[in-house]
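Chain order of the listed sequences is X and P. At position 231 of the first sequence the residue is numbered 230 (numbering that gives the first Met the number 0), and the sequence of numbers has no breaks. At position 159 of the second sequence the residue is numbered 158 (numbering that gives the first Met the number 0), and the sequence of numbers has no breaks. We put the beta carbon where it would ideally sit given N, CA and C, even for glycine. Nothing here was measured: the structure is a model prediction, and the numbers come from that model. Right, one structure below, let's go through it.
Protein chains: 2
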Amino acid sequence: MERELAGLAEALPDGRLVTGAASLEAYRRDRAGLSTAGVPLAAVRARTVADVSAALAWAHERRVPVVPRGAGTGLSGGADTPDGALVVSLADMTAIREIDPADQVAVVEAGVVNAEVSRAAAEFGLFYPPDPSSFEISTIGGNLATNAGGLRCVKYGVTRDSVLGLEAVLADGRVLRTGGRTVKGVAGYDLTRLLVGSEGTLGVITSAVLRLRPRPRGGPATFAAEFPTLEAAGAAVSGIVRVARPSLLELLDNMSINLVEDHARMDLDRAAEALVLGQADGPNAAEELAAMVAVCRDAGAASVVETDDPADAELMLGARRKHYEACEARGVPLVDDVAVPRSRIAEMLREIDRVGRESGLLVSTVGHAGDGNLHPTFILRRDAVAEEEPRAWAAAEEICRVALSMGGTVTGEHGVGALKREWVREELGGVGLEVHRAVKAALDPRGILNPGKAF
Amino acid sequence: MERELAGLAEALPDGRLVTGAASLEAYRRDRAGLSTAGVPLAAVRARTVADVSAALAWAHERRVPVVPRGAGTGLSGGADTPDGALVVSLADMTAIREIDPADQVAVVEAGVVNAEVSRAAAEFGLFYPPDPSSFEISTIGGNLATNAGGLRCVKYGVTRDSVLGLEAVLADGRVLRTGGRTVKGVAGYDLTRLLVGSEGTLGVITSAVLRLRPRPRGGPATFAAEFPTLEAAGAAVSGIVRVARPSLLELLDNMSINLVEDHARMDLDRAAEALVLGQADGPNAAEELAAMVAVCRDAGAASVVETDDPADAELMLGARRKHYEACEARGVPLVDDVAVPRSRIAEMLREIDRVGRESGLLVSTVGHAGDGNLHPTFILRRDAVAEEEPRAWAAAEEICRVALSMGGTVTGEHGVGALKREWVREELGGVGLEVHRAVKAALDPRGILNPGKAF
Chain X
0 MERELAGLAE ALPDGRLVTG AASLEAYRRD RAGLSTAGVP LAAVRARTVA
50 DVSAALAWAH ERRVPVVPRG AGTGLSGGAD TPDGALVVSL ADMTAIREID
100 PADQVAVVEA GVVNAEVSRA AAEFGLFYPP DPSSFEISTI GGNLATNAGG
150 LRCVKYGVTR DSVLGLEAVL ADGRVLRTGG RTVKGVAGYD LTRLLVGSEG
200 TLGVITSAVL RLRPRPRGGP ATFAAEFPTL EAAGAAVSGI VRVARPSLLE
250 LLDNMSINLV EDHARMDLDR AAEALVLGQA DGPNAAEELA AMVAVCRDAG
300 AASVVETDDP ADAELMLGAR RKHYEACEAR GVPLVDDVAV PRSRIAEMLR
350 EIDRVGRESG LLVSTVGHAG DGNLHPTFIL RRDAVAEEEP RAWAAAEEIC
400 RVALSMGGTV TGEHGVGALK REWVREELGG VGLEVHRAVK AALDPRGILN
450 PGKAF
Chain P
0 MERELAGLAE ALPDGRLVTG AASLEAYRRD RAGLSTAGVP LAAVRARTVA
50 DVSAALAWAH ERRVPVVPRG AGTGLSGGAD TPDGALVVSL ADMTAIREID
100 PADQVAVVEA GVVNAEVSRA AAEFGLFYPP DPSSFEISTI GGNLATNAGG
150 LRCVKYGVTR DSVLGLEAVL ADGRVLRTGG RTVKGVAGYD LTRLLVGSEG
200 TLGVITSAVL RLRPRPRGGP ATFAAEFPTL EAAGAAVSGI VRVARPSLLE
250 LLDNMSINLV EDHARMDLDR AAEALVLGQA DGPNAAEELA AMVAVCRDAG
300 AASVVETDDP ADAELMLGAR RKHYEACEAR GVPLVDDVAV PRSRIAEMLR
350 EIDRVGRESG LLVSTVGHAG DGNLHPTFIL RRDAVAEEEP RAWAAAEEIC
400 RVALSMGGTV TGEHGVGALK REWVREELGG VGLEVHRAVK AALDPRGILN
450 PGKAF
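This is how it looks when you write it as structure tokens:
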């Protein structure tokens, strides 16, 4: 293989091929709590679609597995490498080729960090809505590959809803272009959305036409409400999405409140069963806030704080944003990611609580409540990770099964990756799985693209 | 084949199989202006997914082509039958199985007429946003198969954006279920959106979980603006989508204004080059209307009329709604359907005008201007259809090519059907077409599902 790698090096411009175990350590895995990553053969730091194409053609000919990679911030092991794989990193494809204010689109390469798109669009009064929590560090390519969600999705939709067209390299190196820059179009199959969320198993996305939106004029108007029961919080969430269009609607359970309070002293009520954070934007933000606050009070909120000051709002949202680091301060977090129909949030939170207690582990749950998307987070004791890990995964599996029994999904936004393959099969069903395999075989007959991931 | 049909009849409950040339006449084609439909072998009026499954298993075994069919209101020949095809009609699958106000979803069978969904949802304060002009006669199954657009799409998105999950029968009769009833979910490939817009070539959609939305509180607030030039109207449209979120933004060109005025006497200005109709809904409708009207005046509107009275609004929108019948009053309309980036609407309208003049035919253009989606409509003289038809198609082809050269699409919302196959190939490109063929072969290896359509 050494000799053949020389052939790949020749097919690429100087400096694009990374070899050697020490250098490759940074390309082995993503940020999932658990990993079974092996040792890659080499990595290609692509700068052009031609680089990606050359790498895939080389790998295809030799049946070498290929793992596409953005910033490696995934939480499901989607970028974990099997032994002997060729990693194709898009992290150096960072050009924002175009911001078009008239058509409200951005044309960006896959390695552009999510937050950079909105920063570039800001001068035209536009923004890119999808904002996974990783938005300052994750790339658009990774966001597209996983159909990333985020806080604003409750109003503005997920990544899928903000993409108009793609450029992607197929398994054998051919370059596919899908969609375009019109907001409507029904020519042919929706290959754009077939690739979005396919976790690198059908092609390697190299650039995208993204849809931008005008920045909301007015707001944000923000509230934080503490609830004495999960049922009351769940009722508030359900009520809010019926009377308003929140631009953010998050929930923290009692354990999360206490962890954040331990970590950051925010004067949260440690006895509250749930903290709900909501925000409205746009010219009608104040009225929407009033409507949301009224729903919270009707649902039995013990306290509601509201503000139209952006700095105060950021302080309030800090409770949510600091959750992960509060978990890390306590132990090793393993983040799960289920979604249920919105009407069943309270019930799902109760079930997570039950499963957590039965497991004997520390479980802290936050979530994008307005979307029914919850992140139960197991926090393993640093001195007992090896002992607690299997119990955490058994508990996570039970949580996934409960979500499925409620008509939910085993992954709301993080993706299946390497970690949830067994569970997703139950969700997809026998025929669903057969169709997945048929589509995969049609686009990647040699099975080289991110094997062992997604389904 | 007669004997084998008897076998199919036995596999179905009584009365579901339609045979005989006279009875089958109603199943031969859709409403496209031109048709090359043949004579079907038989039609199945399915009432259950089991009926569809039995029909497809039968056809698959015998390699009989299958044409799925809703209400037959399509405009691209997507439901035209080749000789000897089995038509599978979903028109009798009309159950609205569920309206769930808490989860804001409707579970409906494919034969439910679009407007019925919103009517059923209304008692819960909800509605189903996608509203093709055919919404009172077209079915959800057909809307899904073509990813139908409509007037409200400029604010609420197309059919694709309002579907959470599907039940569909595959070519060999297997039943596939995709998606679910959560608003978020990234488990596996987006088979839901692969089927949406696939025009019956990958499977037969039998039911769907649709996303409902709360009915806007407030509005509609409506305006009609007449413009002395297409450029001014185009500038107004571009400006409006930057400062407001119209719930409808339509345009009629000078010929359309005159045809409507001939037909219905609405006191429109026959000298105006364009009429733009816009509407805002929601609690902020009045402010949004004011912003839209200001943009129109700044762009040089010769007159602007506004109203917050729903009845007056319907009168104003009548100019748009009566367009098709005004065309029919004049001759035989052939409706084209291109979309361009929104910044190029004025330019596209000029090009349509040029092509129309060079063709010597009557061309009247209306469109969902806020989406860049235009419907140039050729109106053939009743006594010269045979002579004018080829010229109309040549002109339509040129219009499609111009749209492509502007980064547009040959079909914004009507679908490719039988009529636009040659043109869509140019849009999809060589690799795109290869991928389409691979996906088709993976899901329908015998090629029985709606052959000769979509790409």
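Residues near residue i in its chain [Cβ-Cβ closer than 6 Å; skip 5 each side]
i       : result
M254(X) : S363
E421(P) : none
A58(X)  : V65, L85, I447
P100(P) : F123
R214(P) : G124, F126
E97(X)  : V106
V489(X) : Nothing can be reported for residue 489(X), as the shown portion of chain X is limited to 0 through 454.
A231(X) : A298, G299
Beta bridge counterpart(s) of residue i as assigned by DSSP
i       : result
E97(X)  : V106(X)
V87(P)  : V43(P), P67(P)
T306(P) : T221(P)
S206(P) : E108(P), E166(P)
G156(X) : Bridge partners of G156(X): none, in fact.
R212(X) : F126(X)
I239(X) : Its beta-bridge partners do not exist; DSSP assigns none.
S363(P) : T376(P)
Residue from the options whose Cα sits closest to the Cα of residue i
i       : options                            : result
T181(P) : V430(X), S404(X), G428(X)          : S404(X)
K154(X) : P129(X), S133(X), G140(X), G141(X) : P129(X)
D102(X) : D307(P), G233(P), L442(P)          : G233(P)
V63(X)  : E97(X), V87(X), G71(X)             : V87(X)
E3(P)   : A54(P), R30(P), D13(P)             : A54(P)
A290(P) : E425(P), D311(P), F222(P)          : F222(P)
A90(P)  : I98(P), G83(P), G110(P)            : G110(P)
L333(X) : E425(X), P375(X), L247(X)          : P375(X)
G71(X)  : E24(X), E97(X), R173(X), D82(X)    : E24(X)
G411(P) : V294(P), L373(P), L33(P), A42(P)   : L373(P)
V38(P)  : V51(P), G83(P), R30(P), G14(P)     : G83(P)
G330(P) : W392(P), R380(P), G451(P)          : R380(P)
A10(P)  : A42(P), D50(P), A41(P)             : D50(P)
T138(X) : L165(X), G69(X), G164(X)           : G69(X)
Straight-line gap, residue i to residue j (C-alpha atoms, nearest Å)
i       : j       : result
E60(X)  : E135(X) : 37 Å
A186(P) : P389(P) : 48 Å
I398(P) : A338(P) : 11 Å
E346(X) : Y127(P) : 27 Å
S206(X) : L251(P) : 36 Å
L175(P) : C326(P) : 42 Å
L7(X)   : V438(P) : 30 Å
G431(P) : M265(X) : 54 Å
A402(P) : I351(P) : 10 Å
I256(X) : L276(P) : 50 Å
R27(X)  : L150(X) : 29 Å
L16(P)  : G369(X) : 47 Å
P131(X) : P245(P) : 28 Å
L211(P) : N113(P) : 12 Å
L348(P) : P340(P) : 12 Å
G451(X) : D443(X) : 13 Å
E433(P) : Y188(P) : 19 Å
G156(X) : G184(P) : 12 Å
L274(P) : T228(P) : 10 Å
Close beta carbons around residue i, own chain, < 7 Å, minus the five adjacent residues each side
i       : result
V195(X) : L143, N146, T158, R159, V162
A284(P) : G217, G218, P219, A220
S342(X) : S237
G414(X) : G73, S75, G77, T145, E198
A56(X)  : D171, G172
R269(X) : I256, N257, E260
Residues near residue i by beta carbon distance below 8 Å, same chain, minus five either side
i       : result
R118(X) : none
T35(P)  : G76, D79, A417
Three or more beta-carbon pairs under 8 Å between the stretch 188 to 202 of chain P and the stretch 164 to 176 of chain P, yes or no? yes
What residues in the stretch 183 to 210 of chain P have a beta carbon less than 8 Å from any beta carbon of chain B? The chain labelled as chain B is not found among the protein chains of the depicted structure, namely X and P.
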